[in-house]
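Following the numbering used here, the numbering of the sequence shown begins with -9 at its first residue and continues without gaps. Read the structure below first, then the notes.
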Amino acid sequence: MSFTYRYPRPMVTVDMLMLRFREGKIELLLIQRDRPPYQGKWALPGGFIDMEETLQQSAERELREETGLENVPLYQLSSFGDPGRDPRGRTITILFGGFLPPPFPTVTAGDDARRAKWFLLDRLPDLAFDHSHVINTALQELKEHLFCRLWIFQFLPERFSAYDLKVLCEVWFGAKIQHEILLNEALKSAIIKRISNTTFYRIVMNKDFGKIHFTGF
-9 MSFTYRYPRP MVTVDMLMLR FREGKIELLL IQRDRPPYQG KWALPGGFID
41 MEETLQQSAE RELREETGLE NVPLYQLSSF GDPGRDPRGR TITILFGGFL
91 PPPFPTVTAG DDARRAKWFL LDRLPDLAFD HSHVINTALQ ELKEHLFCRL
141 WIFQFLPERF SAYDLKVLCE VWFGAKIQHE ILLNEALKSA IIKRISNTTF
191 YRIVMNKDFG KIHFTGF
């Protein structure tokens, strides 16, 4: 396959916004860059696409190479392409999101990542490129997906209580969201199931969350 044509060609990358909910706090996974530019700076996991890959395949590969994480559902969230965002030249990045429920797997840095580490979302270090802007923009957009597409359930363990969901909702949305609405919608969508004679629920469907949507916002 030939990729030669007469128009200027920007570079294309994928970046991953990996989040988890641990001990009542939201955490974000970052890698410390081991190569220029921004060598030693923290950044979102990510890298350049390979020419024969889909964007999804590129995201899965980069996540695996830089953090050791595999088999995590990734969802395409947004794209960022302002001129000047990368000192190497015009670069467009496609942002994917992923959510890790407990028990949490170990992350292991690899490829051009010196370290991989979870940070509290409200205590992030100085970041490379425009990743602070990417994160802040994506988080605002993500809240609607967490609610209307029920993605928020992906932060919970397989077995959870209504109180667990209530605490999670308060952290993400504040007091304005009633967690009972989400419980009812998740039960109707068959992604959770009530455990008989208890106040606990069980995740029964952890894929195709991206196809779910209701207008409860």
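Glycine included, C-beta positions come from ideal geometry on N, C-alpha and C. Just so it is clear, the structure is predicted and the values come from calculations on it, not from any experiment.
Buried or exposed, going by whether 16 or more other CB atoms sit within 10 Å of the CB of residue i?
i, result
"T189", "exposed"
"A106", "buried"
"R(-1)", "exposed"
"D116", "exposed"
"F207", "At F207 the pLDDT is 42, less than 50, meaning the model places this residue with poor confidence; the figure from the coordinates comes in the next sentence. Looking at its Cβ environment, which holds fewer than 16 other Cβ atoms inside 10 Å, F207 is exposed."
"Q130", "exposed"
"S186", "exposed"
What residue does the alpha helix (DSSP H) around residue i start on, and which one ends it?
i, result
"S122", "H121 to C138"
"K183", "Looking at the DSSP string, K183 is not in any alpha helix (DSSP H); the run it does join, the beta strand (DSSP E), is I182 to R184."
Does the distance from the CB of residue i to the CB of residue j come in under 8 Å?
i, j, result
"L155", "H169", "yes"
"I193", "W162", "no"
"T81", "G37", "no"
"G58", "T98", "yes"
"A128", "S68", "yes"
"G88", "M1", "no"
"L136", "L18", "no"
In terms of residue numbering, what span does the beta strand (DSSP E) encompassing residue i cover?
i, result
"K107", "A103 to L110"
"E17", "K15 to R23"
"D5", "M1 to R12"
"F145", "Element bounds for F145: n/a, residue is neither H nor E."
How close, in whole Å, do the beta carbons of residue i and residue j come, if the pair is a contact with beta carbons under 8 Å?
i, j, result
"E50", "L64", "7 Å"
"V124", "D24", "That pair is no contact at about 20 Å."
"L110", "K15", "6 Å"
Taking only runs that begin and end inside the region 44 to 75, name each unbroken alpha helix (DSSP H) of 4 or more residues, in chain order.
45 to 57
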